[in-house]
Amino acid sequence: MDLVIRDARVIDGTGGASYRADVGVDAGRVTAIRREGGGPALTGGRVLDAHGLALAPGFIDMHAHSDLALLRDPDHSAKAAQGVTLEVLGQDGLSYAPVDDTTLDAVRRAITGWNGDGGDIDFDWRSVGGYLDRLDRQGIAVNAAYLVPQGTVRMLAMGWEDRPATPAELDRMRQLVAEGMEQGAVGMSSGLTYTPGMYASDAELTELCRVVARYDGYYCPHHRSYGAGALQAYEEMVGLTREAGCALHLAHATMNFGVNKGKAPDLLALLDGALDAGADISLDTYPYTPGCTTLVAMLPSWAGEGGPEAVLARLRDDATAERIRHHLEVTGSDGCHGVPIEWDTIEISGVGEPSLAGHVGRTVEESARLRGEEPWVTARRLLIGDRLGSTILQHVGHEENVRAIMRHRVHTGGSDGILQGAKPHPRAYGTFPHYLGRYARELGVLGLEEAVAHLTSRPAARLRLADRGLVREGYRADLVLFDPDTVAAGSTFEQPRTLPVGIPHVLIDGRFVIEDGVRTDVLAGRSVRRASR
Numbered sequence: 329m330d331l332v333i334r335d336a337r338v339i340d341g342t343g344g345a346s347y348r349a350d351v352g353v354d355a356g357r358v359t360a361i362r363r364e365g366g367g368p369a370l371t372g373g374r375v376l377d378a379h380g381l382a383l384a385p386g387f388i389d390m391h392a393h394s395d396l397a398l399l400r401d402p403d404h405s406a407k408a409a410q411g412v413t414l415e416v417l418g419q420d421g422l423s424y425a426p427v428d429d430t431t432l433d434a435v436r437r438a439i440t441g442w443n444g445d446g447g448d449i450d451f452d453w454r455s456v457g458g459y460l461d462r463l464d465r466q467g468i469a470v471n472a473a474y475l476v477p478q479g480t481v482r483m484l485a486m487g488w489e490d491r492p493a494t495p496a497e498l499d500r501m502r503q504l505v506a507e508g509m510e511q512g513a514v515g516m517s518s519g520l521t522y523t524p525g526m527y528a529s530d531a532e533l534t535e536l537c538r539v540v541a542r543y544d545g546y547y548c549p550h551h552r553s554y555g556a557g558a559l560q561a562y563e564e565m566v567g568l569t570r571e572a573g574c575a576l577h578l579a580h581a582t583m584n585f586g587v588n589k590g591k592a593p594d595l596l597a598l599l600d601g602a603l604d605a606g607a608d609i610s611l612d613t614y615p616y617t618p619g620c621t622t623l624v625a626m627l628p629s630w631a632g633e634g635g636p637e638a639v640l641a642r643l644r645d646d647a648t649a650e651r652i653r654h655h656l657e658v659t660g661s662d663g664c665h666g667v668p669i670e671w672d673t674i675e676i677s678g679v680g681e682p683s684l685a686g687h688v689g690r691t692v693e694e695s696a697r698l699r700g701e702e703p704w705v706t707a708r709r710l711l712i713g714d715r716l717g718s719t720i721l722q723h724v725g726h727e728e729n730v731r732a733i734m735r736h737r738v739h740t741g742g743s744d745g746i747l748q749g750a751k752p753h754p755r756a757y758g759t760f761p762h763y764l765g766r767y768a769r770e771l772g773v774l775g776l777e778e779a780v781a782h783l784t785s786r787p788a789a790r791l792r793l794a795d796r797g798l799v800r801e802g803y804r805a806d807l808v809l810f811d812p813d814t815v816a817a818g819s820t821f822e823q824p825r826t827l828p829v830g831i832p833h834v835l836i837d838g839r840f841v842i843e844d845g846v847r848t849d850v851l852a853g854r855s856v857r858r859a860s861r
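So the sequence shown is numbered by my numbering: it starts at 329 and just counts up by one.
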């Protein structure tokens, strides 16, 4: 064999008890598992002493925003060093395929805060298959799966208009979703608090989900509210996918804002009822209380109609800007989940315009106080000056909700990691070791074996991957070795780009991408496509 991992504590991903074993790897797959005391010793070209280390399947990030980072940064230690061996891209209804030239330009503008403007990227694709081909052709640090982004599809079919789709436009959207699925996407995402995807009716979304269901994919919505209407929004997604006959995976399934303090049990009861009735539902969360998005996402949906230039024009007009302020601060914007915005919870985490860097690390309220002005004046200046590119942390979560949801039987891990900005959310660099170190070892919210199952076999099952997510003979050798006693996130809100500790080795396809705690030059990742199952 190419490699023998000797004397490891195997946490195989099933959630069952761990065991000591030697594990053999050859030609990119696990080829032998010799439990302690059983059979002849395994031999190989290289033997790695894993005494004191746990061996687990590679972690699967069910909600990643590395769509351009994988192309821009071959190192990609933000994820590789966490033990992530597969990321699911195309999230929240907005990404870079399928597009035409006009739509690509608009998408780049719309999600600059998530991925940068892409000025350093050669966008030599337009289709989902073309994007996945590009990942394979260039070589990437970790594996990647893709969701067809419903907002981008709607933009391509009918622009940024807030109106029902015509029959011809709906047919075009069905066709685009089908083509994306045929070219390898694993499902479809939506961002139903982001324009233009949020303009879609339930009937429109149901029709697109019927297409996804034909290909045995799943629907992954960032639904219409995580605040004032959160439970109703979850119920809407459950009913919509039941009508379409489509599997449902709830993105960053949280209960946020003051109105939802302590209400995680209400959400879980809703999901348990649907599951017991036969629904196919899963969810992902990150193990932190603050959220992360863009400042422009807070605006009411009507302000986003027409695209980024139309938004900027409205912000520059005093009367329209005052109307936006009223919706944000008094009514409760749908972009802010129906809750009046609290500027002391909105922390600027990144800007694209260097002259605005002084805002980073401060809440909008703090920046406004330093300037002797009202928070909306500061926010408006930021939006215009940064051309809508500012990212934020939104401190609106509740620890008891986070813990309750991560215990659920269909829970998986997703970082929702935005890698842009001077002070990104620490979840981008720390989600997976934080689950293992903080929530499993220190707090005991999850047992270690259970936590590993949440991060490996459960997401692999949702992605319908028949040979990933377990340490098992014949499975792909996407593996992580970590120290259960020391594994921890290094990233903090003060130092968010610090790499984790206690994860010395990570393998993809049997090749070391992290070795002795150091990133190698190996680019073992590839696209993981629905058609290749």
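For every residue, glycine included, the Cβ atom is placed at its ideal position computed from N, Cα and C.
All of these numbers come straight from a predicted model, not from anything done at the bench.
Residue i in three-state terms, based on DSSP
i, result
"Arg-857", "coil"
"Gln-410", "coil"
"Leu-595", "helix"
"Val-713", "Checking the displayed sequence, the identity of residue 713 turns out to be Gly instead of Val. Reduced to three states, the DSSP call for Gly-713 is helix."
"Gly-418", "coil"
"Ala-336", "strand"
"Glu-843", "strand"
"Asn-584", "coil"
"Ala-392", "strand"
"Glu-675", "strand"
"Ala-434", "helix"
"Asp-813", "coil"
"Thr-820", "coil"
"Arg-502", "helix"
"Arg-570", "helix"
"His-687", "helix"
"His-739", "strand"
"Arg-491", "coil"
"Gly-343", "coil"
"His-665", "coil"
For residue i, the first and last residue of its enclosing alpha helix (DSSP H)
i, result
"Ile-746", "Careful: Ile-746 lies outside any alpha helix (DSSP H) and carries neither H nor E."
"Ser-629", "629 to 632"
"Ile-733", "727 to 734"
"Leu-399", "397 to 400"
"His-782", "776 to 783"
"Gly-878", "Limits of the chain in this structure are 329 at one end and 861 at the other, which puts residue 878 out of reach."
"Thr-534", "530 to 542"
8 Å contact criterion, which residue i and residue j should meet: CB distance rounded
i, j, result
"Tyr-562", "Leu-596", "Their Cβ separation, rounded to whole angstroms, is 10 Å, which puts Tyr-562 and Leu-596 out of contact at 8 Å."
"Gly-830", "His-782", "Not really, about 18 Å apart at Cβ, beyond 8 Å."
DSSP beta-bridge partners of residue i
i, result
"Thr-621", "Ile-720"
"Val-351", "Ile-333 and Ile-361"
"Pro-549", "Ser-518"
"Phe-387", "Val-412"
"Val-476", "Met-516"
"Ser-610", "His-577"
"Ala-382", "Arg-337 and Phe-810"
"Arg-825", "For Arg-825, which the question treats as bridged, DSSP gives no partner whatsoever."
"His-762", "The partner list for His-762 (beta bridge, DSSP) is empty, contrary to what the question assumes."
"Ile-468", "Gly-853"
"Arg-786", "According to DSSP, Arg-786 bridges with nothing at all."
"Arg-642", "According to DSSP, which records beta bridges pairwise, Arg-642 is partnered with nothing at all."
"Arg-699", "DSSP output for Arg-699 lists no bridge partner at all."
"Arg-804", "Arg-357"
Option in the options with minimal Cα separation from residue i
i, options, result
"Gly-745", "His-739, His-753 and Val-738", "His-753"
"Val-514", "Leu-417, Leu-504 and Ala-434", "Leu-417"
"Met-516", "Val-476, Glu-535 and Thr-440", "Val-476"
"Ala-438", "Tyr-763, Arg-786, Leu-640 and Cys-574", "Leu-640"
"Ala-816", "Met-390, Val-738, Gly-446 and Arg-769", "Arg-769"
"Leu-627", "Tyr-614, Gly-372 and Arg-642", "Arg-642"
"Ala-506", "Asn-443, Glu-701 and Leu-536", "Leu-536"
"Asp-330", "Gly-772, Asp-354 and Gly-344", "Asp-354"
"Leu-432", "Ala-469, Ile-388 and Arg-482", "Arg-482"
"Thr-814", "Ala-496, Val-375, Pro-828 and Asn-443", "Pro-828"
"Ser-518", "Ala-528, Trp-671 and Pro-385", "Ala-528"
"Arg-542", "Leu-396, Leu-383, Gly-411 and Gly-573", "Gly-573"
"Arg-839", "Ala-336, Pro-615, Arg-357 and Arg-334", "Arg-357"
"Pro-426", "Tyr-474, His-379, Ile-468 and Leu-414", "Tyr-474"
Start-to-end residues for the beta strand (DSSP E) that takes in residue i
i, result
"Arg-796", "Here Arg-796 belongs to no beta strand (DSSP E), and DSSP marks it neither H nor E."
"Phe-451", "Looking at the DSSP string, Phe-451 is not in any beta strand (DSSP E), and its letter there is neither H nor E."
"Ala-575", "575 to 578"
"Arg-374", "374 to 377"
"Ile-836", "833 to 836"
Contact with chain D by residue i, beta-carbon distance below 7 Å
i, result
"Thr-582", "Here there is only one protein chain, and chain D is not present."
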